[in-house]
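In the numbering used here, the protein residues as written are 9 to 228.
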């Protein structure tokens, strides 16, 4: 049962990513620079509904993966990893609810909530995967290593933003100009989603011995 739930999560995650990629090629969002502008910039256009659907699909997929992990009884419901997963999903819901600041109009409370929700999400999902991988995939070393690797890379990309913030605090230029912000954010998001997707695929993949045992039990 948990294998099917994990696979359903993968389908939702991939669908969300595909829709986000579509935003890069259809008007008017194809005019937004993927190097300098963040993904949330798409929510300031007429394609906001498509952006929202993409984010909600990723949120749904994430919930299904965490449910699969708990159902497999690899991780208790009340654990740090699950809490981080809740923060990740909550941050996605906040991103949809509170649109990023439209700087042609001026700063807003909703924009501030959006920014901090993004930061929480970028950190919580990779950390959750790092905590889950060892327990959820104890006998799947390749999947475990891959999911952890993607999570570490995602955190490393987030570190680029942290360096920019520290530099700004030290008197240098704005943190959002330190590196191509759009590219960095996309790298963070892509590797984070790859981490949880790999975790889900590893959970759904049954080793031969386990599969044979399941077949024998079913036959009996």
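Don't be surprised by glycine CBs; every beta carbon is placed ideally from N, CA and C.
All values reported here derive from a predicted model rather than from experimental measurement.
- With respect to the 8 Å criterion, residue 207 and residue 78 are not classified as neighbours on the basis of their beta carbons.
- Taking a C-beta distance under 8 Å as the contact criterion, residue 155 and residue 141 qualify as a contact pair.
- Counting along the chain, residue 32 sits inside no alpha helix (DSSP H), nor does DSSP assign it H or E at all.
- Taking C-beta atoms under 8 Å as the contact rule, residue 148 and residue 69 fail to qualify, at a distance of about 20 Å.
- The Cβ neighbour count for residue 117, taken over all protein chains shown within 10 Å, is under 16; the residue is labelled exposed.
- Less than 8 Å divides the Cβ of residue 67 from the Cβ of residue 101.
- For residue 195, the enclosing alpha helix (DSSP H) begins and ends at 189-212.
- CA-CA distance, residue 175 to residue 112, rounds to 26 Å.
- Bounds of any alpha helix (DSSP H) do not take in residue 147, whose DSSP letter is neither H nor E.
- In this structure, DSSP gives residue 83 a state outside helix and strand, which the three-state scheme calls coil.
- With contact defined as three or more Cβ pairs closer than 8 Å, the region 30-48 and the region 190-197 are in contact.
- Assigned with DSSP and collapsed to three states, residue 43 falls in coil, not helix or strand.
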